[in-house]
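S.K.: Below are the structure tokens for one structure; questions will follow.
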Amino acid sequence: MRRDIYAHLIYARQKPLIGKLAYFLLKLLGAEIPVTTKIGKDFLLLHGGYGVALHPTAVFGDRVRVYPGATVGRADVHIPIEKSKFKGLLVEDDVIIGTGAKVLCSDGILRVGRGTIVGANAVLLRSTGEYEIWAGVPAKCIGKRKEY
Numbered sequence: 000m001r002r003d004i005y006a007h008l009i010y011a012r013q014k015p016l017i018g019k020l021a022y023f024l025l026k027l028l029g030a031e032i033p034v035t036t037k038i039g040k041d042f043l044l045l046h047g048g049y050g051v052a053l054h055p056t057a058v059f060g061d062r063v064r065v066y067p068g069a070t071v072g073r074a075d076v077h078i079p080i081e082k083s084k085f086k087g088l089l090v091e092d093d094v095i096i097g098t099g100a101k102v103l104c105s106d107g108i109l110r111v112g113r114g115t116i117v118g119a120n121a122v123l124l125r126s127t128g129e130y131e132i133w134a135g136v137p138a139k140c141i142g143k144r145k146e147y
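Take 0 as the starting number for the sequence shown in numbering that gives the first Met the number 0 and just add one per residue.
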């Protein structure tokens, strides 16, 4: 039931009249998902997604799963955006971002390849291939997962 509420709010962010209200309700529930963040079909904030923060320019594919405490954003927040080499973040279809994981980019576009798993509390600082498993600080590829 709870998943349905989050899903409705996530997709309601795009609607002209209620978009900002949906954004603020998500924020009250503990998830920072700006109206400008692009999200594909069947996106899930698992376990409510408390503490999730997604960058306003991030693009998420279909069937992405994000667990509580995950962050997808800039790594170089200590410098003004005008001076940053950051261009954006692309999270492709079927990606899983584990509890407390950080996906951070400071240069160009960071791409999380289709089907990749970013493990719990991992700090991913570079692009991945498809169907890889990344873990650690900083995250390293520790294996491959099966394609489904």
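Glycine is no exception: its CB is placed at the ideal position from the N, C-alpha and C atoms.
#1: Looking only at its own chain, which residues have a Cβ that is under 6 Å from the Cβ of I96, when we skip the five neighbours before and after it?
#2: Give me whichever residues DSSP pairs with T70 in a beta bridge.
#3: Below 8 Å on the Cβ atoms is my contact criterion, and I expect T127 with G112 to pass it. Report the Cβ-Cβ distance as a whole number of Å.
#4: G48: beta carbon under 7 Å from a heavy atom of the ligand NAP?
#5: Please look up how many angstroms separate the CB atoms of A74 and L124, rounded, as I've assumed it's under 8 Å.
#6: Considering only the alpha carbon of each residue, which of Y49, T35, L45 lies closest to K26?
#7: Give me whichever residues DSSP pairs with G142 in a beta bridge.
#8: So for E91, helix, strand or coil by DSSP?
#9: Taking all protein chains shown into account, decide if T35 is buried (16 or more other Cβ within 10 angstroms of its Cβ) or exposed.
#10: Would you tell me roughly how many angstroms separate the C-alpha atoms of A6 and K40, rounded to the nearest one?
#11: Roughly how many angstroms separate the alpha carbons of V122 and P137, rounded to a whole number?
#12: Keeping to the same chain, check which residues put their C-beta closer than 7 Å to that of K86; ignore five residues upstream and five downstream.
#13: Considering only residues of the same chain and omitting the five flanking positions on each side of L8, which have a CB-CB separation below 7 Å?
M.R.: According to the structure shown:
#1: V65, A69, V117
#2: T70 is bridged to A52, K101.
#3: About 5 Å separates the beta carbons of T127 and G112, which is inside the 8 Å limit, making them a contact pair.
#4: The model depicted lacks the ligand NAP and carries no ligand whatsoever.
#5: 6 Å
#6: Among Y49, T35, L45, the Cα nearest to that of K26 is on Y49.
#7: I132
#8: E91: coil per DSSP, three-state reduction.
#9: exposed
#10: 10 Å
#11: Straight-line spacing of the CA atoms in V122 and P137 works out to 5 Å.
#12: G107, I108
#13: A21, L24, L25
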